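Numbering (this note's numbering), first residue to last: 1371 to 1790.
Structure representation (structure tokens):
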């Protein structure tokens, strides 16, 4: 039989193209398997145990004091890396503050108010606010960090600098009602703080260390401005943190939760995608737990642990950039099955807004589903869906209702249900 070489070649080309497309698409899907990036803290007061470490190892990023290094044998860092080679570990360190007592040398480096009083952190009175714009303090701080962290066995992937806070534009300063004589307004404070962060990033990167900083105040206009100013600076950090995202325990009833206004919530969501040179850590927390899950919110309405979690979780997926994911999420420093089991694939654009009876409903489409959030204090019935979907329990819906401060995740047709 005579072989048709042209036909064989044509079939090989078709087969090659088919497999190329298949494997290329598989590679794309594999890149989006990690739908939710997570962060967790080791407690500074409680030792890490063998029974806990497997859960901690599931996360992408761990923040810890150096004292947790010796909790497990041969050391905690090595155990974590053996379970998850890609996990990043950051050592906790104060940025613009020092612990009391303030000796004669330190006193010269402190930050003072207009009356000559040293400024203390009102929430943590043992912490003294230092003059972080001072070259002398910066090098004193650097010498101490090298001595206590970088030249020690517990050195890890990077350093987390706490309390490098943004000035929100009113009040004394982020730490106290006292007004610093050297930084009497938000603009001067934020310029100096960004300068301190730039210094820290420059010297730590030179030592091969990554840098994360706690910024906060992203729900305020001047806070967002300071975030963007740092992002456009010469030495932006590897990541920045919002310690109070979407729903918080600060100022909430006990047990309960506090939800920000829609405008404040929207600023927090919008700023994440505007940050181009750092990743963003988004931390949510409530005075509730999964066992005692009912409380009152700051509007006097009943709130549950489950409601608060899904509101924060869905808000995170509205906020983050895609391809690649630029944000990490934490809720009450706990691990949830949703982090592993939910993967809606790539985002098909940014979030959109639909208005139902003067209430803004925010939603975002992904390859395999949708995320909807109601960040207002009013509930909405009969929200039409772009296409019929399934809830994660398998129930088919063509429209949904969203109570005040709730979020929901929906699956597109033909996808298997999830059980949470």
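Yeah, the Cβ is synthetic: ideal placement off N, Cα and C, and Gly gets one too. This one's a predicted model, so the numbers in the text were calculated from it and none came from an experiment.
{"Asked": "Reduced DSSP secondary structure (H/G/I, E/B, other) of residue 1751", "Found": "strand"}
{"Asked": "Three-state class that DSSP yields for residue 1667 in the structure shown", "Found": "strand"}
{"Asked": "Cβ contact check for the region 1615 to 1622 and the region 1672 to 1684: 3 or more pairs under 8 Å", "Found": "yes"}
{"Asked": "Simplified DSSP state of residue 1425, which is helix, strand or coil", "Found": "helix"}
{"Asked": "Proximity of residue 1582 and residue 1608 at Cβ, strictly below 9 Å", "Found": "yes"}
{"Asked": "Beta carbon of residue 1624 nearer than 9 Å to that of residue 1669", "Found": "no"}
{"Asked": "Cβ neighbour criterion (16 or more within 10 Å) applied to residue 1739", "Found": "buried"}
{"Asked": "Nearest candidate by alpha-carbon position, reference residue 1572, set 1529, 1595, 1611 and 1763", "Found": "1529"}
{"Asked": "Among 1641, 1749 and 1696, the one whose alpha carbon lies nearest that of residue 1596", "Found": "1641"}
{"Asked": "Endpoints, beta strand (DSSP E) assigned at residue 1823", "Found": "Because the chain here runs from 1371 to 1790, residue 1823 falls outside it and cannot be looked at."}
{"Asked": "Start and end residues, beta strand (DSSP E) containing residue 1739", "Found": "1739 to 1744"}
{"Asked": "Straight-line gap, residue 1773 to residue 1493 (C-alpha atoms, nearest Å)", "Found": "34 Å"}
{"Asked": "Neighbourhood of residue 1404 by C-beta distance below 6 Å, restricted to the same chain and skipping five residues each side", "Found": "none"}
{"Asked": "Which of helix, strand or coil DSSP assigns to residue 1640", "Found": "helix"}
{"Asked": "Neighbourhood of residue 1660 by C-beta distance below 6 Å, restricted to the same chain and skipping five residues each side", "Found": "1675"}
{"Asked": "Residue 1580 - containing beta strand (DSSP E), residue span", "Found": "1580 to 1584"}
{"Asked": "Sequence-distant residues of its chain with Cβ nearer than 8 Å to residue 1635 (five each side left out)", "Found": "1589, 1616, 1629, 1685 and 1745"}
{"Asked": "9 Å Cβ cutoff met for residue 1697 and residue 1407", "Found": "yes"}
{"Asked": "Reduced DSSP category for residue 1546 - H, G, I as helix; E, B as strand; rest coil", "Found": "strand"}
{"Asked": "Which of helix, strand or coil DSSP assigns to residue 1766", "Found": "strand"}
{"Asked": "Cβ separation of residue 1433 and residue 1457, assumed to be a contact under 8 Å, to the nearest whole Å", "Found": "At roughly 11 Å, the Cβ-Cβ gap does not stay under 8 Å, so residue 1433 and residue 1457 are not in contact."}
{"Asked": "Straight-line Cα distance separating residue 1713 from residue 1733", "Found": "16 Å"}
{"Asked": "Complete alpha helix (DSSP H) runs within the region 1429 to 1481 (minimum length 4 residues, chain order)", "Found": "1446 to 1453 and 1474 to 1477"}
{"Asked": "Host beta strand (DSSP E) of residue 1710 (start-end)", "Found": "Segment 1707 to 1711 is the alpha helix (DSSP H) holding residue 1710; no beta strand (DSSP E) there."}
{"Asked": "Three-pair Cβ contact test at 8 Å for the region 1536 to 1545 versus the region 1553 to 1569", "Found": "yes"}
{"Asked": "For residue 1774, three-class secondary structure by DSSP", "Found": "coil"}
{"Asked": "Residues of its chain near residue 1476, where Cβ-Cβ distance is below 7 Å and the 5 sequence neighbours each way are ignored", "Found": "1468"}
{"Asked": "Length at least 4, wholly inside the region 1546 to 1615: the alpha helix (DSSP H) runs in chain order", "Found": "1556 to 1576 and 1591 to 1601"}
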